[in-house]
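Before any comments, here is the structure.
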């Protein structure tokens, strides 16, 4: 009944791919693009969000266009192993107007591509606003999948957060189930673990004290009259039954991919963000590997987030830094460090997917069938522009042509979400969000 | 008005004494009692009262005395020929039956009944829930006085039980906002007795500009019953409701973009588009307690502003939360187990923990897990240890041993201390050790069984403390009780009674008393609704008000100085609010439409009607009635069992009352008389019907009436009591007067109280306990609270030595 000593720094067990023991089927090919078409293979979507704009000069490759080989700058260095599965799209603008400041519209119109309701939330400027007036693209695709028996999963979608403040407003919500219906991300790994894998862990702790309870019951039977014995004997039977039930449940829950180990006591505080991020990614991967959802989002902080990334030796808040002018070399260097870290988290996520062969022997790796879309609510923090959203698509889920960076010259992002939905199987979708911004239809990215 | 005077009663007693000599003699014609039994009774009841299939199937036993049995036999037995066994024959056979198998003593001698003993029991659901709440509460700091400096100047209206000054309502702080900074400038502070404001396009105060302002209300909310509470905020603006969350972090600012992590909210409607909407939240709360509440509100450039805070407590309808339930005083979070539990055993007529089922055990395990979660989450506050304290482990080990001692209601043994404080902490993290300690304590028999002290030995002070606490509070002993036990100040009867008296003043005692009346008056889960065509005014709001009126009436009587049971049965008034007055008030009380106050109940006496306490409370009269008519049978059964204290067996034949089976012009009384005229029915219905008919002046919703079907109501009947008196009953007051004079009725009331509070049979303590309690009850002028105090003190000290002072 003793539990192993758990070092806070080592709670992350290798996610149960049993990576060392499983044959590395198709692992190499995944780094060079999907190697075969298989219409039966599932398609998945991961929306990966980081806030406060990027550093455009560091983010965008020097040379754009089909004819150039993709060259990633040093800020995106962690993503270099995945270069051939990356598609970068410059010139995609969030053209949604109306109420709300740029941060609010950047965040809440990002995936909804439609206006905010008028409302009572005042940003740093512009008019006050309320919630978005439409569904977000991830929820749209989730609903499409859930409506088809062959694509339906237990959850349909899961919304992960990392260091998202416990507050509901247009700066903290990007996913919407519909007009006025924000979906809250879960930023506590223990809570997410509980949602996905039930209370198995807690039950095991309970099981570890049940033999002590049984001992106590046995001891008191010595003092009891025969009439009272029946009750305590019933009780002892129930204790033993519960022990058996917990053991049986633990056995039954053997998954194709075992759940990751989560430190249930990690404090949800800023300084633990790196560990929380990895736990959330591990949970996300295991949920996909066990086919509990095919659409997930991972939201780091929030728009205007003031995370203090002391683990990167950055003491200032992220949002304040993002306002600094370009001449402030120190600030630029720190912002580069911050976005380099986000790229690293994305690389970790992609790396896990690339390690796992597509379940069901369908060929390739999970990354080959998963479309990751890295988004941000602003093009650049300093200018608060909604143009040139730093869009980096990774993976083979949408079967776009990868290994390149394009400049689309200023198209509304509604059209990108249309092409994404179409490419992920939702082919009937002809407009999304604000209809006027859909003119021209889906972008040709294949 | 009783038809039987005192002299008659004395004569009756003398007759009984005289007849005693005859009881063992044989029947009139010389045949023996055994022969009479074989001849007339055995074919239905079996050779030894065991019953006969297809005839009288159940075993024949009960608590009537020989006299009552004799009368019953003489009048109704044998069913096919009641005249075949009367007079001395009836008496002889009654005595035979009584001695052979009917009486408790006979059953005891034959091994058919177990001798009464104090039975081991686990906690009931209420006991478990209260105990967990109070266990965590014992380690919870008192609420910080979050009241701003200006509070002292505010008008105060009452002083709470713990002496703090509070106002009836929530403390509202009104701010002028500046863009994202909601609490920019404090303009006004006041007590709001209810949150029901429509500021329109304007503002709450001349000093506040109407385009952007914010209000924060805080204080506490008082619950009545236990169950799920629905809350609703109706507003076109930004609103948040925090209920029973931890102490508010003092935050000077309230900003939209403030990233501070704050507590979970029951309702979050911070973002709004200016259209009014109703936002709902639901939470499980224990009755009789106070919970912290905080409402945040802001307006930012919307065209209008308004807020209304409503709730729907169990058994009630939606209403604005008002001053009765609000206080400006702060409160601490109470941890509440909302795990669903299977219902407790009520086969003996009261809830008790007599079985450990799989469902119950699973519920306990789940509740333990939830508690462990709460303790680890609030560990720094509960254990009073900072996360970076160098002595953290030692302090946590100390915390879990104190936690266990509190849960087990006694000092720990050395083994227990070693296990909790050392073994569990070995080889694991602090948090895991605490979690496992909590799981162990909450599933331990030392927590779950109310009393593990060995039978037939004088209880320790700690046992007495625990018994008192479970008896009067359904919970664990508090610090004062544990201290008294430690100092050996729970030794004499006087000391124990002193503690019991103190405990009666605690809100938890009120909740337990309330539970008693809910049970005794059968208030649980009744469908009181009526035919809307016949009683259009009798809607859900009226039903909820009536229930409230009854609860208030019981409270008023029980918690008054006299605490007089006679008032409970005889009060000639009803407590009515404006809504109820329209239905039950005298004509001159009719209230003009549009009167909104539903919370103020006042005594109303209508000289044209005869009301007699709970016997004629419209809620009970409605509950014991059909949806379209009265039901003398339901009313009569309730009065027979609960007020005059007689036992009834289930009906031998099932007969459904079908209104359309009778001629239209019959009165209800005539229909019931016809329906129950069968001899098989009469043995019980000759008792039930007269009591039920006495309430025929009250219609199916409890309104006074003098006519039915254009015939005058006849409420008069002759009634033969269990004591053998025949009296004429003309209405409810006669029943009340009789019940108050009848030792059997008094004893029955005392017995139900013992069941509810001690959760044991009174005879398990001593054969005389019931009678002793009854005698002192009558001597104490029917003082209900004194009786309860006596019950708790007497049962807690059991078994005590002859002097009434248990040896230490």
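Chains as they are written, first to last, in this note's numbering: chain V, 1 to 446; chain X, 447 to 1254. Glycine is no exception: its CB is placed at the ideal position from the N, C-alpha and C atoms. Everything numeric in this text was worked out from a predicted model, so none of it was measured.
Query                                                                                                                                  : Result
Minimum Cβ-Cβ distance from residue 355 of chain V to chain X less than 9 Å                                                            : no
Beta strand (DSSP E) segments (min. 3 residues) lying fully within the stretch 27-105 of chain V                                       : 44-49 and 86-93
Residue interval of the beta strand (DSSP E) (run including residue 728 of chain X)                                                    : 723-731
9 Å Cβ cut-off: residues of chain B touching residue 565 of chain X                                                                    : Any reference to chain B falls outside this structure, whose protein chains are V and X.
Given residue 1214 of chain X as reference, the closest of X:907, X:991, X:1231 and X:1237 once Cα atoms are compared                  : X:1237
Test: residue 889 of chain X CB closer than 9 Å to a CB of chain V                                                                     : yes
Interface flag, residue 451 of chain V vs chain X, CB-CB below 9 Å                                                                     : Residue coverage of chain V in this structure runs from 1 to 446, which leaves residue 451 of chain V outside it and unanswerable.
Residue 1066 of chain X in three-state terms, based on DSSP                                                                            : helix
Option nearest residue 512 of chain X by Cα separation, candidates X:546, X:502 and X:1075                                             : X:546
Spatial neighbours of residue 453 of chain X in its chain, beta-carbon cut-off 6 Å, leaving aside the 5 residues before and after      : Note that residue 453 of chain X scores a pLDDT of 35, beneath 50, so its modelled location is shaky and nothing firm can be said.
Stretch-stretch touch, CB-based, cutoff 8 Å, three pairs: the stretch 804-812 of chain X with the stretch 228-246 of chain V           : yes
Cβ of residue 1088 of chain X within 9 Å of any chain V Cβ                                                                             : no
Beta-ladder partner(s) of residue 1028 of chain X, from DSSP                                                                           : None; residue 1028 of chain X has no bridge partner.
Option in X:665, X:729 and X:1230 with minimal Cα separation from residue 950 of chain X                                               : X:1230
Contact under 9 Å by Cβ, residue 127 of chain V with residue 106 of chain V                                                            : no
Extent of the continuous alpha helix (DSSP H) to which residue 1135 of chain X belongs                                                 : 1125-1139
Cβ neighbour criterion (16 or more within 10 Å) applied to residue 975 of chain X                                                      : exposed
Within chain X, partners of residue 208 of chain V - CB distance below 7 Å                                                             : 882
Unbroken stretches of the beta strand (DSSP E), 3 residues or longer, contained in the stretch 169-232 of chain V                      : 176-178
Closer than 7 Å at the beta carbon, the chain X residues around residue 238 of chain V                                                 : 802, 804 and 807
Members of the stretch 677-688 of chain X that neighbour chain V once the beta carbon cut-off is set at 8 Å                            : 683 and 684
Beta-carbon neighbours of residue 815 of chain X, restricted to chain V and to distances below 9 Å                                     : 199, 202, 203, 205 and 206
Contacts that residue 886 of chain X makes with chain V (C-beta to C-beta distance below 8 Å)                                          : 209, 212 and 213
Within chain V, partners of residue 892 of chain X - CB distance below 7 Å                                                             : 216
Cβ of residue 797 of chain X within 9 Å of any chain V Cβ                                                                              : no
Per-residue contacts from residue 746 of chain X into chain V (C-beta, under 9 Å)                                                      : 119, 120, 121, 122 and 128
Where the stretch 622-633 of chain X meets chain V: residues whose CB sits under 7 Å from a CB there                                   : 625 and 626
Paired residues, beta bridge with residue 1229 of chain X - DSSP                                                                       : X:1010
Residues of the stretch 717-740 of chain X whose Cβ lies closer than 8 Å to any Cβ of chain V, in chain order                          : 717, 718, 719 and 720
Test item: CB-CB of residue 362 of chain V and residue 41 of chain V under 9 Å                                                         : yes
DSSP state of residue 470 of chain X mapped onto helix, strand, coil                                                                   : Because residue 470 of chain X carries a pLDDT of 42, less than 50, the predicted location of this residue cannot be relied on, and the following value inherits that uncertainty. The answer is coil: DSSP assigns residue 470 of chain X none of H, G, I, E or B.
9 Å Cβ cutoff, residue 836 of chain X in contact with chain V                                                                          : no
Which of helix, strand or coil DSSP assigns to residue 661 of chain X                                                                  : strand
Residues of its chain near residue 68 of chain V, where Cβ-Cβ distance is below 8 Å and the 5 sequence neighbours each way are ignored : 61, 404 and 405
For residue 715 of chain X, three-class secondary structure by DSSP                                                                    : strand
Residue 170 of chain V at chain X interface by Cβ criterion, 9 Å                                                                       : yes
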